[in-house]
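Data block below; observations after.
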Amino acid sequence: MRICVFLSAADLHDRYTRPAREFATLLGKGGHTLVWGGSDVGLMKVVADGVQEAGGRLCGVSVGFLAAKARTGADEMVIARDLAERKRLLLEKSDAVVIMVGGTGTLDEATEILELKKHGHTDKPVVLLNTAGFYDGLKEQFRRMEDEGFLPRPLADLVFFAEEPARALAWLEESGGLR
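When we follow the numbering used here, the leftmost residue of the sequence shown carries the number 348, and every step to the right adds one.
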């Protein structure tokens, strides 16, 4: 399976890097390909290292203004013109999506894939990996949107919430990347 991971490129505390590394190792050992933003810094580097060291493949999609931070040695690296093209390519090249901890860029990517699913423009499975409760507030907000009628589809049809890396990957493998 080609699994797109939206995540931060920041250097983060071990409470975030350790589970990310665990997920990456599971992904690589499972023979999957990581599709990610292509950066070789911060949490993006942690995940790419883990996947590659565990025998998985790397497909990066960077963007022109970040090309200097793109990972050398990836199995595939594409440089997009802008962030919109980058998001489009990340989704085109993947069978499934995992949302890890991140900032505004990660949130933008996450809401775009959920909006596409909401309107039936993709059926890719999406997992939100809620490491160390990072997305508790967002999870609550999504539930409120559902409860108050802002989502035309059940939240469970849009995203699966996982608290642990092993559960996130197991759910994707069970779904076959074909939801």
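Ideal placement from N, C-alpha and C gives every residue a C-beta, glycine not left out. All values reported here derive from a predicted model rather than from experimental measurement.
Unbroken alpha helix (DSSP H) run spanning residue i, endpoints
i, result
"Phe-481", "Per DSSP, Phe-481 belongs to no alpha helix (DSSP H) and is neither H nor E."
"Glu-456", "451-465"
"Thr-372", "361-376"
Residue of the options minimising C-alpha distance to residue i
i, options, result
"Thr-419", "Leu-430, Leu-405 and Gly-411", "Leu-405"
"Phe-507", "Gly-411, Lys-486, Arg-365 and Met-492", "Lys-486"
"Leu-463", "Asp-504, Leu-430 and Gly-484", "Asp-504"
"Leu-373", "Ala-515, Ser-522 and Glu-521", "Ala-515"
"Asp-361", "Val-382, Val-394 and Phe-353", "Val-394"
Residue range of the unbroken beta strand (DSSP E) whose run includes residue i
i, result
"Arg-404", "404-410"
"Met-424", "423-427"
"Val-382", "380-383"
"Arg-349", "349-353"
"Phe-507", "507-509"
"Ala-443", "443-446"
Cβ neighbours of residue i in the same chain (closer than 7 angstroms, five flanking residues each side left out)
i, result
"Tyr-363", "Leu-390, Val-448, Thr-478 and Ala-479"
"Tyr-482", "Leu-475"
"Phe-296", "The chain is shown from 348 up to 526; residue 296 falls before or after that span and cannot be answered."
"Ala-414", "Ile-426"
Beta-carbon proximity list for residue i, same chain, < 6 angstroms, skipping 5 on both sides
i, result
"Phe-324", "Since the first residue of the chain shown is 348 and the last is 526, residue 324 is not available in this structure."
Through-space distance from residue j to residue i, alpha-carbon basis
i, j, result
"Lys-434", "Glu-456", "7 angstroms"
"Asp-358", "Gly-384", "15 angstroms"
"Leu-461", "Glu-432", "17 angstroms"
"Lys-392", "Val-398", "10 angstroms"
"Leu-437", "Pro-366", "22 angstroms"
"Asp-396", "Val-445", "17 angstroms"
"Thr-469", "Glu-439", "10 angstroms"
"Val-473", "Glu-459", "11 angstroms"
"Val-388", "Gln-488", "30 angstroms"
"Ala-421", "Asp-494", "43 angstroms"
Supposed contact pair residue j and residue i - C-beta distance, whole angstroms, cut 8 angstroms
i, j, result
"Thr-380", "Ile-350", "7 angstroms"
"Leu-519", "Ala-443", "5 angstroms"
"Ser-409", "Ser-441", "Not confirmed; about 15 angstroms, so no contact."
"Ser-355", "Thr-451", "In fact, because the Cβ distance is near 10 angstroms, the residues do not count as touching under 8 angstroms."
"Met-424", "Gly-411", "Going by Cβ atoms, the distance from Met-424 to Gly-411 rounds to 13 angstroms, so no, they are not a contact pair."
"Leu-502", "Arg-491", "Incorrect: roughly 10 angstroms between the Cβ atoms, too far for contact."
Neighbourhood of residue i by C-beta, 8 angstroms cutoff - its chain only, sequence neighbours within 5 removed
i, result
"Pro-499", "Lys-465"
"Ala-417", "Gly-385, Ser-386, Asp-387, Gly-407, Ser-409, Met-424 and Ile-426"
Near the ligand ADP: residue i beta-carbon under 7 angstroms from a heavy atom
i, result
"Asp-504", "The ligand ADP is absent from the structure shown, which contains no ligands of any kind."
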